[in-house]
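Undergrad: Take a look at this one; I'll ask things after.
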Amino acid sequence: VFRLERSNASSVLVIANVTSPALYDNYTCFANNSLGAAHSTVHVTGRPSRPAFTSAPLSGRDSGYLLEWRLESQSPITAYDLRFRRVDAGDSERWQHVRVEPSAPANESPLRSDRFVLENLAKDGNYEVVLEAQNAFGSTLSEVFSFVTSDASSVVSCVAFWTTCVFASALVWRR
Numbered sequence: 021v022f023r024l025e026r027s028n029a030s031s032v033l034v035i036a037n038v039t040s041p042a043l044y045d046n047y048t049c050f051a052n053n054s055l056g057a058a059h060s061t062v063h064v065t066g067r068p069s070r071p072a073f074t075s076a077p078l079s080g081r082d083s084g085y086l087l088e089w090r091l092e093s094q095s096p097i098t099a100y101d102l103r104f105r106r107v108d109a110g111d112s113e114r115w116q117h118v119r120v121e122p123s124a125p126a127n128e129s130p131l132r133s134d135r136f137v138l139e140n141l142a143k144d145g146n147y148e149v150v151l152e153a154q155n156a157f158g159s160t161l162s163e164v165f166s167f168v169t170s171d172a173s174s175v176v177s178c179v180a181f182w183t184t185c186v187f188a189s190a191l192v193w194r195r
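So in my numbering, spot 162 of the sequence shown is number 182, and the numbers just go up one at a time.
Listed below in structure tokens is the structure:
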């Protein structure tokens, strides 16, 4: 499981196939030479990695959104806690919670991806979402992800509007 790889200028400790909870721990490297001493610690955990959203920020649907993400977890994901809110309705709305059951993994790989469709959203609404992935060793929270619900015709109008604004703005600055 442990392997030390050495070259002329460095040494690397490789901890391969970290599937046993007995290996989840803090590992500290100490080094010293004629110029001084240093150390660094790495925490190896069984918790899932931070979920990363892979969805486009523009939905293409006027009242729904397909949210997709990926992460890494050595042990099976037991649940996802999805929180979302609309942020353009005056004061930001309260976070709404949805418990999402994970889909069955296609293979034994620790790389995992999943998806969930949010329905009954406001047309042309701006939303924020966070996702907490849970497994037997704990949970990890994603960064906040923002998206907009809009059908294709609104997208074209929006692009045309912003192109016009940018062009007009460029003319103003050149006077």
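Don't be surprised by glycine CBs; every beta carbon is placed ideally from N, CA and C. This structure is a prediction, so every number in the text was calculated from the model and none was measured.
Just grab the DSSP bridge partners of Trp115 for me.
TA: In the DSSP output, where bridge partners are listed per residue, Trp115 has none listed.
Undergrad: Can you check DSSP and say which residues form a bridge with Ala58?
TA: According to DSSP, which records beta bridges pairwise, Ala58 is partnered with Ala51.
Undergrad: Label Tyr147 either buried or exposed according to how many other C-beta atoms from any shown protein chain fall within 10 Å of its C-beta, with 16 as the threshold for buried.
TA: Tyr147 should be labelled buried.
Undergrad: Mind checking which residues open and close the beta strand (DSSP E) that includes Asp222?
TA: Because the chain here runs from 21 to 195, residue 222 falls outside it and cannot be looked at.
Undergrad: Given a cut-off of 8 Å, decide if Asp45 and Val64 are closer than it, judged by their beta-carbon atoms.
TA: Yes. Within cutoff.
Undergrad: Are the CB atoms of Gly145 and Asp108 within a distance shorter than 8 Å?
TA: Yes, Cβ-Cβ distance for Asp108 and Gly145 is below 8 Å.
Undergrad: Residues in its own chain within less than 8 Å of Arg194 by CB, not counting five upstream and five downstream?
TA: Confidence is the limiting factor: at Arg194 the pLDDT is only 32, short of 50, which leaves the residue's position unreliable and the question unanswerable from this model.
Undergrad: With a threshold of 7 Å, establish whether the CB of Ser123 neighbours any heavy atom of the ligand NAD.
TA: You won't find the ligand NAD in this model; it holds no ligand whatsoever.
Undergrad: Quick check on Ala153: does DSSP put it in helix, strand or coil?
TA: The answer is strand: DSSP assigns Ala153 an E or B state.
Undergrad: Are the Cβ atoms of Val34 and Leu87 separated by less than 8 Å?
TA: Not a contact, by the Cβ cut-off of 8 Å.
Undergrad: Could you check if Asn53 is buried or exposed, using at least 16 other CB atoms within 10 Å of its CB as the buried criterion?
TA: With fewer than 16 other Cβ atoms within 10 Å, it is exposed.
Undergrad: Quick one: what does DSSP say Ala142 is sitting in, helix, strand or coil?
TA: Coil at Ala142, not helix or strand.
Undergrad: Indicate the three-state DSSP secondary structure (helix, strand or coil) for Ala190 in the structure shown.
TA: The predicted position of Ala190 is uncertain, since its pLDDT is 36 and thus under 50; no value can be drawn from it.
Undergrad: As an exercise, report each continuous beta strand (DSSP E) stretch of at least 3 residues that is fully enclosed by the region 62-122, in chain order.
TA: For the region 62-122, whole beta strand (DSSP E) runs of length 3 or above, ordered along the chain, are 78-80, 85-92, 97-106, 116-120.
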